[in-house]
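Number of protein chains: 2
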Amino acid sequence: MDRSKESAVEGSVTSGGVAGSDFLQLRIGEVPAGRRADRLAGELRRAIADGRLPVGSRLPATRVLAADLRVSRGLVTEVYQRLREDGQVAGRGRGGTVVVAAPLSAGAATTTGGGTAGPGPTAATPTAATPTPFAAAPGSDIFDTLRSTPARIDLTPGVPDLASFPRAAWLRAERAVLAGLPSAALGYGDPRGTPELRRAVVHWLARYRGIRADPADVLIISGTAQALGLIAQVLHRDGVDAIAVEDPGSLGTRQHLHHWGAATPPVPVDEDGIRVDALRATGARAVLLTPAHQFPTGVVLGGARRRDLLRWASDTGGLIVEDDYDAEHRYDRPPVPALRSLLADHVCYAGSASKLLAPALRLGWLLAPPRYREALVAAKRFADLGNAALPQAVLAHLMESGELERLMRQMRRRHRARRDAVIAAVRTHLPAAAVHGAAAGLHLTITFPPAAPPDTELAAAALARGVKVHPLSWHSQRPYGRPGLVLGYAARTPGELTEGVAVLGEALRAAGRRSGEGGA
Amino acid sequence: MDRSKESAVEGSVTSGGVAGSDFLQLRIGEVPAGRRADRLAGELRRAIADGRLPVGSRLPATRVLAADLRVSRGLVTEVYQRLREDGQVAGRGRGGTVVVAAPLSAGAATTTGGGTAGPGPTAATPTAATPTPFAAAPGSDIFDTLRSTPARIDLTPGVPDLASFPRAAWLRAERAVLAGLPSAALGYGDPRGTPELRRAVVHWLARYRGIRADPADVLIISGTAQALGLIAQVLHRDGVDAIAVEDPGSLGTRQHLHHWGAATPPVPVDEDGIRVDALRATGARAVLLTPAHQFPTGVVLGGARRRDLLRWASDTGGLIVEDDYDAEHRYDRPPVPALRSLLADHVCYAGSASKLLAPALRLGWLLAPPRYREALVAAKRFADLGNAALPQAVLAHLMESGELERLMRQMRRRHRARRDAVIAAVRTHLPAAAVHGAAAGLHLTITFPPAAPPDTELAAAALARGVKVHPLSWHSQRPYGRPGLVLGYAARTPGELTEGVAVLGEALRAAGRRSGEGGA
């Protein structure tokens, strides 16, 4: 239990007779005994807020800090528990107590009031402030903040099983590429991408997504995030400043479109996917959707809806942006052909290697209708002159050699087992939750009865217990009616998934108690 | 000499008694004898313009086409010569005659007038039209066009010796990286770049550019082109819509800034670099410059000018964007410290691996003043979520292991020998030319007396002879007074350089004769 030797306080000494710690130069001896816990909690919160205790740093062991400050170990334990309930620290015991979240704004830093002279209006009850990534409306750096917040079990959606990344095959392909590449290919290149990868993508899309295309149609990009920016820029120059989106739908996608000046009128999604009647009513001239596996609900765009949507595009000349982010991953259902395969002139198709291999590759492809092609090439040229050549060549090699296909089959088996583990754990630990969208993809969504606590509170309580998830409400523009959580399962082992969902069960009960207290 | 077996016309037959070729279905039998050359030239120009004869395709051997059309071989030879002088085709003899340049605009396509019924206002004299990349004002895709135009000897500036790219070291570093990388590093990452590369860049800049920085100051980007876009976006949001530039100065840089909505007021450059008095007079709040080796003149920003420039920044609060594109390459002069090392609060420093290793890596670094840092990180996030992780890790490995340093020393020796070869060849073949900026970098600029032909004509004549260069006037916003050529020498062998400069001598004489004829 005693990990003081590895704690941040290692080497600290109690200096002579003065009660105090070298850790943050804490001194609470002069504070009346009844307010010492408040003072200590306030000091620690301030240190977390102003960066002296950065996310990831470790608090001293309770025994050590108690000895330094000459207070009871119980007092320190109580203070740590408050911070834990706030979601600012996590862990205990052998792993130590670690800072997991700083308040989002510097304004929240001064919870102790002015200076250190007296105990300020400290959050004596944990419900008074929950300075976690889930406390405020998510800002534009929310995903960076969440990512840099450590957690024992990370169930954020959006990544495949990264441990399956074919390192050996990648290296073999890179060796082959480097052996054969002409020197000129290391100079400035075609902003549309290398001919080899554009050809490989055409073959891949023909085989797996039913899309017929020519390499000249393909623009290689740095992932779907870049695609959204390029599309928004080109549409803006075309006078289109609103791109309708699914609701619920990806928060990250909306943030990207907003950054590039596009409004995102929400269009409701039901069990057949986006409501095309509602899309028509928005008057939007472009719509972005995830027809193969809607994010986050996981529904598939139904046959009648597809026809309606294509009719909308033909009638209005509207542009459909098809974000085919995880369509290669499916388990219990037949493949759904891409919209692009049905109406190439109205569909701008975006796919990427992020869910096939790894997001860190930053490689994707965009197939635009002819009317936008030239403008998108120009946008890519002036974004970055085109993607790096070597990774393009390596990916092309993996696609054309059949390695990627083999990997995809392997990953599908692994992902399916993981999905089954999540569902079983939800049945056990969250019996009141409904599971959505589990037939395909890398994540599923669970929703709770409307009376359950807000999902941001659930997510905060889960993070305080070391489990990271997305609250469904992040992805909803309008109130969704039910709290929910989006669980990415592909990158975790069945054991981690079972444990993670068990923690969500605890979090639900804790948040429920807290809501109950709050209401009492 | 007879390469008809390998020509595009292979397999064509003269069909019965009708004089005509399967090649483009050419028929000129009914055209009066005196106008046949005009007609044939017009038909070929039209086919090049409309894409039936794409760049890189081969014309039939003169003997074969003459036989098919039942005209004299001399007539076909004359027509090919006209196209060669226009810069539309190149080569002859064993290599065949190859299409090297299509006209820039489709409007230029109809040189034969309306349809094929009669001989239109064909350019009977080669001087009437020069549909090469150099014929019109360069458009936004000029560098793509020029790159895709084949040439025997490519002297376009901007690339190091690509044959020196350390393929084995790169692969070794990649193996080491893949062996040690945690799986989580393959997920979404910090948009600022990996900590390893940011640290390696800090060490590199401290060693070679005199810059003291913290890894937190470094933003990893996809090369300087991306940096320009990010900076222009951030300045625009700050109300700054003009970035003063050096004149002459890089055309590509100006195109990027214009794409992002920034005007580029020109500031003259003299033998001490940018004229700071003229910069003050523009009233611009930002300036982009290349102080270590001005592009394209190669001058170094003098000591007094540096002080003036820094005073301008302090006085006006203006931003200096320092494009340190090739500062690691120097031969006969001491290193010039970066402006960033003198006034970090006012200098946004951009460097890249493009001239150190290869442009195809698309990797660079940006060090911004604190006031712009957060906005630039956001701009990078919404551009592409950050650079790919593996190449960052590999580059960091090469920087920290000393491999890149060894390579830089090797390249310096090689580049110096190449530079010496160009200078010697210029003395021999272009004795009237003055050489500028040869003490450092990867290119030098030569200028001719004012009476020499326009440099776009020189460049076109050189391209027609298989040698690709940039005309200096491309890089000048205001008339520069002297025609000139920018010669990139780093990627060519001394033999190629000598031959290339000899061809420039021929081109100069040919363009001179043509100008003389035009004036007669």
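Chains as they are written, first to last, in the working numbering: chain A, 7 to 526; chain B, 7 to 526.
C-beta: ideal position from N, C-alpha, C; glycine also.
Just so we're clear, the structure is a prediction, and the values are computed from it rather than from any experiment.
As a quick exercise: from the options, pick the residue whose alpha carbon is nearest that of residue i.
i	options	result
D167 (chain B)	B:G518, B:A508 and B:L503	B:L503
H299 (chain B)	B:R198, B:P341 and B:P272	B:P341
S63 (chain B)	B:L32, B:R471, B:V106 and B:A39	B:V106
T5 (chain A)	A:L285, A:G289, A:I280 and A:A287	Absent from the structure is residue 5 (chain A), since the part of chain A shown begins at 7 and ends at 526.
R198 (chain B)	B:E380, B:H264 and B:T303	B:E380
G494 (chain B)	B:R377, B:E409, B:L59 and B:G506	B:G506
G195 (chain B)	B:Q483, B:L450, B:V383 and B:A440	B:V383
L71 (chain B)	B:Q94, B:E91 and B:A47	B:A47
R527 (chain A)	A:H481, A:A175 and A:V353	Only positions 7 to 526 of chain A appear in the structure, and residue 527 (chain A) is not among them; the question remains open.
D338 (chain B)	B:N393, B:R425 and B:S407	B:R425
E277 (chain B)	B:L257, B:A269, B:F301 and B:A290	B:F301
T270 (chain B)	B:E512, B:R317, B:N393 and B:Q483	B:Q483
L81 (chain A)	A:D44, A:A516, A:D332 and A:V441	A:D44
Give the DSSP bridge partners of residue i, in chain order.
i	result
I280 (chain A)	A:V275
V492 (chain A)	A:T451 and A:H476
I226 (chain A)	A:W371
I159 (chain B)	B:V473
E252 (chain B)	B:V273
V293 (chain A)	A:A250 and A:I326
R336 (chain B)	B:A446
A72 (chain A)	Paired residue(s): none; A72 (chain A) is not in a bridge.
For residue i, count the other beta carbons within 10 Å of its own beta carbon; 16 or more makes it buried, fewer makes it exposed. Which is it?
i	result
H242 (chain A)	exposed
D390 (chain A)	buried
S228 (chain B)	buried
A96 (chain A)	buried
Q6 (chain B)	The structure shown does not extend to residue 6 (chain B), since chain B spans only 7 to 526, so no value can be given for it.
T136 (chain B)	Below a pLDDT of 50, predicted positions are generally treated as unreliable, and T136 (chain B), at 41, falls in that range; the measurement from the model is reported next regardless. Looking at its Cβ environment, which holds 16 or more other Cβ atoms inside 10 Å, T136 (chain B) is buried.
P459 (chain B)	buried
A39 (chain A)	exposed
G113 (chain B)	With a pLDDT of 31 at G113 (chain B), under the threshold of 50, the modelled position of this residue cannot be trusted; read the value that follows with caution. The residue in question, G113 (chain B), is exposed, as its Cβ has fewer than 16 Cβ neighbours within 10 Å.
S320 (chain A)	exposed
D351 (chain A)	exposed
P254 (chain B)	buried
D283 (chain A)	exposed
P66 (chain A)	buried
Q94 (chain A)	buried
E36 (chain B)	exposed
Q398 (chain A)	buried
G145 (chain A)	exposed
A310 (chain A)	exposed
R336 (chain B)	buried
In the DSSP assignment, find the alpha helix (DSSP H) that holds residue i and state where it starts and stops.
i	result
W210 (chain A)	P201 to R215
W371 (chain A)	Not the alpha helix (DSSP H): W371 (chain A) falls in the beta strand (DSSP E), residues G370 to L373.
L401 (chain A)	A395 to S407
I148 (chain A)	I148 to S154
V77 (chain B)	Counting along the chain, V77 (chain B) falls outside any alpha helix (DSSP H), and DSSP gives it neither H nor E.
G48 (chain B)	R42 to A55
Could you spell out where the beta strand (DSSP E) holding residue i opens and where it closes?
i	result
V353 (chain B)	V353 to S358
L325 (chain B)	L325 to D329
A440 (chain A)	A440 to H442
Just to confirm, is the Cβ distance from residue i to residue j under 8 angstroms?
i	j	result
V273 (chain A)	V306 (chain A)	no
T462 (chain A)	P485 (chain A)	no
V327 (chain B)	A359 (chain B)	no
L50 (chain B)	V85 (chain B)	yes
T155 (chain B)	P139 (chain B)	yes
L448 (chain A)	V428 (chain A)	no
T225 (chain A)	A374 (chain A)	One detail in the question is off: residue 225 (chain A) reads as Leu in this sequence, not Thr. Yes, the pair counts as a contact, with Cβ atoms nearer than the cut-off.
W266 (chain B)	Q232 (chain B)	no
V475 (chain B)	V183 (chain B)	no
A212 (chain B)	E409 (chain B)	no
A385 (chain B)	L372 (chain B)	no
L396 (chain B)	L349 (chain B)	no
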